[in-house]
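Take a look at the structure below.
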Amino acid sequence: MRLALIRRQFSATGGAELYLQRLLKALVAAGHEVHLFAESWQGQAEGVKFHAVQAGGSRADRAWHFAEAVKSLLEAESFDRVLSLERTLNQDVYRAGDGLHRVWLERRRQFAPWWKRPLIGRGAFHRRMMELEEQTFNPANTQRLIVNSEMVRGEIARHFPAFPLDRIHLVRNGVEVARFQNADRKAARARFGLSEEDFVLVFVGSGWERKGLPWLLRYMEGQRHDPSLKLLVTTRDRIRGSVPSNVILTGPLSDVESAYAAGDLLTFLPIYEPCSNVVSEALASGLPAITTAMNGAAEWIAPGVNGHVLDDPRDMATLGMHQSLADSSGPSRSHRRADRSRNERAKHHPRSRAGVMISEAHAAAASRLCLACGMCCDGTMFQIVRMQPEDSPAKLTELGLRMRHRGGEDWMEQPCAALKRLCCTVYESRPVRCRKFHCQQLTRLSAGEISEGDALAMIASTRFQVERVRELLAQCGYREDGAALQEQFERITSTPVKVELEPELAETRQQL
Ligand code: SF4
Ligand code: SF4
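Position in the sequence shown (first residue = 1) + 763 = the working numbering.
Here you go:
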């Protein structure tokens, strides 16, 4: 196929362009004729024909000028498919890798000092950028959208409801696992002046405001009483103000894997990231990660299993608690703190929703599994929870649960309103059926028939399948409205499809 790709800047070596470098390579290797339309580039990509796009103009107009220029260049030629990685005016596929400019502005307003808020988003640059974004997300201008997280998919649905959900596809960022598993921890620690006794937080990324580095630096300032706690910062940014003595700046690294190898915990607190690579890179390196709910990559995190997600990047108390938990169970200090670790974990982790576990070890394992799962509460397994005589529907309503009453029966709707970040927020007052529920995984774990790892693998694979079902439902035209999964399925399959009239839909329905 003759393919056109669009990106304003390209570098054959820069880390920021890794996605495009890999994509170009793969398309050329697959035998396609690949053209790249760019304003400027450094180095070449083998087998790719570069086309210079003349944009120019003020900062406010430059993105528009580029979009208009690339549109006329493309109209003069003929391509089988056009894939844009920029906000442009006409393409078959747009990859929304930068997320939404309007959401970025919302986040900046949310976290800026009060006096700065009214100024954010004002000015020609932002106005023009949002106008261009509106064109890109117009379904008449773009046939398909690729997003790299559910978070961005949700943002598009919220801000551009006219764009059909079945034309938005989730393709998660890949990671070269082998690259991040082979770095030498000992050598990396020596290189950055770290001892084996140090507990090392790692921050990787550039973009001072967006990535939340100032909060981390403030946190480290308050931790100077602990001489073995260090923060390793790998960034291109020039840091403004003073840098606490427990922070080590590496500068930009071409072998960023050595920073992960030297660390114990990734701490990455952006106010907006569509899906940052650093989280998947850290996880591939074997590091747990603490990130924020404003990062699409938080979808990789099973809280309490491979990290934690902060609702607010300024929440240093929660960051500190989870850093201490990771610290006390990490390899470098485990010999000193193993007992304390167990006690602390038992104290802080939300308890399991199931009441079946007997020993403390099993209770902790159940807690970890439930924190990775949540499927008995999030509408995946059940549509409703029936009330029992001991339950008080009035009290549960007060707690914010969605209660229903009909024909002398009370029940609670699923997904449960009390489920937040896979934790039950009304644990002490939860309904009787929740207390008595024993899922198969926990029952089998308790009976010693499966290990915690087996149960986790089952949960991960089930969650993956659930995600796939949700995708197919969306492709069949279901607009996510928070209903339980079974209900969504029943609604979609209740209308017949004629294969002769709608062959694509019939095939998707078949897969479903
Ligand atoms: S289905 Fe089982 S493992 Fe999952 S949250 Fe419910 S009780 Fe926990
Ligand atoms: S009340 Fe708690 S345990 Fe029961 S469904 Fe809701 S989140 Fe789950």
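Note that beta-carbon positions come from the ideal geometry of N, C-alpha and C, so glycine has one too.
- The continuous alpha helix (DSSP H) containing Leu-1235 extends over residues 1215-1238.
- Under DSSP, Tyr-857 forms a beta bridge with Ser-847, Leu-908.
- Straight across, the Cα-Cα distance linking Thr-1013 with Tyr-1023 is about 12 Å.
- With a threshold of 8 Å, the Cβ atom of Leu-1132 counts as near ligand 1, since some heavy atom of the ligand is closer than that.
- When DSSP states are grouped into helix, strand and coil, Gln-805 belongs to the strand group.
- Contact between Val-963 and Ala-1025 holds: their C-beta atoms lie close to 6 Å from each other, under 8 Å.
- A direct Cα-Cα distance of roughly 16 Å separates Thr-1160 from Pro-1152.
- In the three-state reduction of the DSSP assignment, Thr-1054 falls in the strand class.
- Ser-774: not part of any alpha helix (DSSP H); member of the beta strand (DSSP E) spanning 772-774, first to last residue.
- Spatial neighbours of Glu-802 in its own chain (CB-CB distance under 7 Å, excluding positions within 5 residues in sequence) are listed in chain order as Arg-771, Gln-772, Val-816, Ala-818, Phe-829.
- For Thr-997, the enclosing beta strand (DSSP E) begins and ends at 992-997.
- In the three-state scheme derived from DSSP, where H, G and I count as helix and E and B as strand, Leu-852 is classed as coil.
- For Lys-812, the enclosing beta strand (DSSP E) begins and ends at 811-815.
- According to DSSP, Arg-1254 shares a beta bridge with no other residue.
- At the C-beta level, Ser-912 and Cys-1038 come within 9 Å of one another.
- Between Arg-907 and Asp-855, the C-beta spacing is below 9 Å.
- The closest heavy atom of ligand 1 lies 8 Å or more from the beta carbon of Gly-1067.
- Look at Val-963 here: in three-state DSSP terms it is strand.
- Gln-1146 is a Cβ neighbour of Ala-1247, given a cutoff of 9 Å.
- Taking one beta carbon from each stretch, the stretch 831-846 and the stretch 792-802 have 3 or more pairs nearer than 8 Å; the two touch.
- Residue side-chain check: Arg-1193 places its Cβ nearer than 8 Å to a non-hydrogen atom of ligand 2.
- Annotation for Ala-1129 indicates a beta carbon within 8 Å of some heavy atom of ligand 1.
- Comparing C-alpha distances from Val-1229 to each of Met-1144, Ala-792, Leu-852, Lys-993 shows the shortest one belongs to Met-1144.
- Asn-945 sits exposed, since fewer than 16 C-beta atoms from the chains shown fall within 10 Å of its C-beta.
- The Cβ-Cβ distance between His-864 and Leu-836 does not fall below 9 Å.
- When secondary structure is reduced to three states using DSSP, Asp-824 falls in the helix class.
- Under DSSP, Cys-1187 takes part in a beta bridge, and its partners are Leu-1182.
- In this structure, Arg-930 and Thr-899 do not form a Cβ contact; the two beta carbons are roughly 13 Å apart against a cut-off of 8 Å.
- Not one heavy atom of ligand 1 lies closer than 8 Å to the C-beta of Ile-1002.
- Two segments are said to touch when three or more pairs of C-beta atoms, one from each, lie closer than 8 Å; by this definition the stretch 949-959 does not touch the stretch 1030-1049.
- With a cutoff of 8 Å, Met-1175 does not count as near ligand 1, since its C-beta is closer than that to no heavy atom of the ligand.
- Counting C-beta atoms within 10 angstroms of its own C-beta, Val-967 has 16 or more neighbours from the protein chains shown and is therefore classed as buried.
- The distance from the Cβ of Asp-961 to that of Ser-1008 is about 13 Å, inconsistent with a contact at the 8 Å cut-off.
- Distances from the CB of Gly-1170 to the heavy atoms of ligand 1 are all 8 Å or more.
- Taking 9 Å as the cut-off, the Cβ atoms of Asp-1074 and Ala-1056 count as close.
- In the DSSP assignment, Met-764 falls outside any beta strand (DSSP E) and carries neither an H nor an E.
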